[in-house]
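Let me begin by presenting the structure, written as structure tokens, before commenting on it.
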Amino acid sequence: MTIMDLLADSPGLFVLLAVLLGLVVGSFLNVVIHRLPLMMEREWRSQCAELLNQPAPESDQAPLNLWRPRSRCPHCGHLIGALENIPLLSYALQRGRCAHCQAAISIQYPIVEAASGLLAGIVAWEFGFGWPAAAALIFTWTLLAASVIDFRHQLLPDDLTLPLLWLGLGIALFGLFADLPSAVIGAMAGYLALWSVYQAFRLLTGKEGMGFGDFKLLAALGAWTGWQYLITIIILSSLVGALCGLALVLFRQRDRQIPMPFGPFLAAAGWIALLWGGPINSAYLRWLGG
């Protein structure tokens with residue numbers, strides 16, 4: 066019996082391996098979440114300097130990407146060793162503090178790692194061993210990184226949304242989640258739906274209600290799930306977003322003028338639709354039919 070056969074015949078083992086892999090990937094996602102916005106800011110400064118015929122700032126000369134430089138403590142510059150970078154375990158053993166200077170480590174790191182592992186386990190359990198699960202894991206981890214970046218910076222990077230869109234269209238060629246016509250229509254309708262809302266809101270109020278990253282994210286979700294689940298995604302994300310916004314205003318005294326990122330709600334609704342969109346749509350249609 067090969068390893069592939071063993072994983073196919075042992076759902077529990079596959080879920081366990083998916084969780085462990087998710088924890089490791091979650092550690093890398095923390096790097097993406099931290100560095101990708103910095104890389105984008107550096108690129109913007111470089112473009113501005115080029116337009117003004119000025120040299121790029123000296124602080125931007127050092128290499129910065131997802132691989133270099135090595136991770137280090139932002140407080141003391143201590144390089145993070147392999148034993149200090151074990152998902153969840155290192156954070157627990159170090160009691161949430163840097164091993165060198167004892168400065169507090171952001172709670173974001175273990176939360177992202179735990180979420181990555183948990184969501185990976187759910188995907189593995191739902192799809193079982195096979196290509197749909199592999200594709201859904203990529204979908205899940207990309208949405209997780211994009212959601213945290215949008216939550217922190219109110220920014221959905223093209224480096225995440227556009228590859229997700231094209232990958233969704235690519236896998237539609239094989240019909241894993243949606244056929245190609247449904248995926249293409251889903252991408253088009255997803256983008257145009259929020260773009261139309263954006264334009265209408267701007268005409269009525271003179272303000273921008275959402276960013277272009279939201280359009281691209283919904284287009285990507287439409288490419289993965291097909292146009293049939295766009296209404297479900299929009300309703301779920303709008304409902305949860307409205308409830309969360311109301312709760313923040315009532316219980317946390319959040320200023321209503323401060324914009325709230327919509328990307329995390331879109332991502333959560335799209336993830337739910339990919340896994341359970343069929344039963345949700347069927348239940349909704351039965352309810353409409355009485």
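The numbering used here puts the first residue of the sequence shown at 66, with every later residue one more than the last. Glycine included, every Cβ here is placed at the ideal spot set by N, Cα and C.
Pairing LEU286 with LEU234, the inter-Cα distance amounts to about 10 Å.
VAL249 places its beta carbon 9 Å or farther from that of PRO152. TYR294: not part of any alpha helix (DSSP H); DSSP gives it neither H nor E.
Annotation for PHE242: no alpha helix (DSSP H) segment contains it, and DSSP assigns it neither H nor E. When the alpha-carbon of GLY310 is set against those of THR297, LEU340, PHE327 and LEU295, the nearest one is in PHE327. Taking the Cα of ILE296 as reference, the smallest distance to any Cα among GLY335, GLU178 and ALA157 is reached at GLY335. For ALA169, the pairing in a beta bridge is given by DSSP as ARG162. A direct Cα-to-Cα measurement between PRO344 and PHE194 gives close to 21 Å. DSSP lists LEU144 as the bridge partner or partners of ARG137. Between LEU220 and SER181, the beta carbon gap of about 20 Å keeps them out of contact (Cβ cut-off 8 Å). Proximity to PHE277 across ALA288, PRO222 and GLY240 peaks at PRO222, based on C-alpha coordinates. Judged by beta-carbon spacing, LEU225 lies within the 9 Å limit of ALA211, meaning their Cβ atoms are closer than that value. Taking C-alpha positions only, LEU117 is separated from SER155 by approximately 46 Å. For LEU82, the enclosing alpha helix (DSSP H) begins and ends at 76–116.
Around the C-beta of LYS272, fewer than 16 other C-beta atoms lie within 10 Å, and the residue is accordingly described as exposed. A straight line joining the alpha-carbon of PHE242 with that of LEU144 spans about 42 Å. Under the three-state reduction of DSSP output, ILE337 falls in the helix class. Separation of the CB atoms of LEU227 and TYR256 is rounded to 12 Å, and the pair is thereby denied contact status at 8 Å. For the pair of segments examined, the region 168–180 was found to touch the region 78–96: the number of CB pairs separated by less than 8 Å reaches three. Rounded to the nearest whole angstrom, the C-alpha separation of SER261 and ARG160 is 48 Å. Counting only the Cα atoms, LEU331 lies some 12 Å from PHE216.
Per DSSP, the unbroken alpha helix (DSSP H) holding SER212 starts and ends at 196–218. For LEU286, the uninterrupted alpha helix (DSSP H) segment begins and ends at 277–290. Residue state for LEU259 is assigned as helix, using DSSP reduced to three classes.
The three-state reading of DSSP puts LEU234 in helix, counting H, G and I together.
For PRO324, the three-state secondary structure derived from DSSP is coil. DSSP places ILE151 in the coil class of the three-state scheme, outside both helix and strand. Here DSSP, grouped into helix, strand and coil, assigns GLY182 to helix. Within the model, the alpha-carbon separation for GLY87 versus GLN119 is close to 44 Å.
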